[in-house]
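*Asks:*
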Amino acid sequence: MSEEEPAWVQRKGFTAVTEMELEMFSEIAENNSAWNIDSPAHLRYLDRLCWVWENQLKVLRYLRRQTMLDLYHGGFTKAEAGKFINLKRTRAHELIEQASEERLQRQTPF
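Okay, so the sequence shown: first residue is 142 according to this note's numbering, each after it adds one.
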């Protein structure tokens, strides 16, 4: 975050992107490219976008697992923590176990 840009501006931008319809997102990704759609450079642009968003998705999944672990330590069962986001009991157990291991090993997604 730069000093000129207040935190609320970043939060508002993040919210706008996360709530955006997929069609609009696709259109913006296509129109934001400085390259001709038929050029190999446009493909590289899209590949770069994929790489960035995949890394951001890794961070979000890590945060989700850690939050589930915090709920579990806060008194919810593993299954209850998973029900908040419509996960089956087995998958909730797997994610919380993975989060426990990450926390023990002090792993971060960064």
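All C-beta atoms, glycine included, are put in the ideal place defined by N, C-alpha and C.
Quick one: give me the first and last residue of the alpha helix (DSSP H) that Glu171 is part of.
*Replies:* Working through the sequence shown from its first residue, we reach residue 171 at position 30. Run containing Glu171: 163-172, per the alpha helix (DSSP H) assignment.
*Asks:* Give the straight-line distance between the Cα atoms of Asn227 and Asp179, rounded to the nearest whole angstrom.
*Replies:* Within the sequence shown, the letter at position 86 stands for residue 227. Within the sequence shown, the letter at position 38 stands for residue 179. Roughly 41 Å between the two C-alpha positions.
*Asks:* Kindly list the residues whose CB is nearer than 6 Å to the CB of Tyr203, restricted to its own chain and excluding five residues on each side of it in sequence; keep chain order.
*Replies:* Translated into the one-based positions of the sequence shown, residue 203 becomes position 62. Closer than 6 Å at Cβ, skipping near neighbours: Pro250.
*Asks:* Could you tell me if Gly154 is buried or exposed, where buried requires 16 or more neighbouring beta carbons within 10 angstroms of its beta carbon?
*Replies:* On the sequence shown, residue 154 is found 13 positions in, with the first residue counted as 1. Around the beta carbon of Gly154, fewer than 16 other beta carbons sit within 10 angstroms, so the residue counts as exposed.
*Asks:* Mapping DSSP to helix, strand and coil, what is Thr208?
*Replies:* As a working note, residue 208 is residue 67 in the sequence shown. Three-state result, Thr208: helix.
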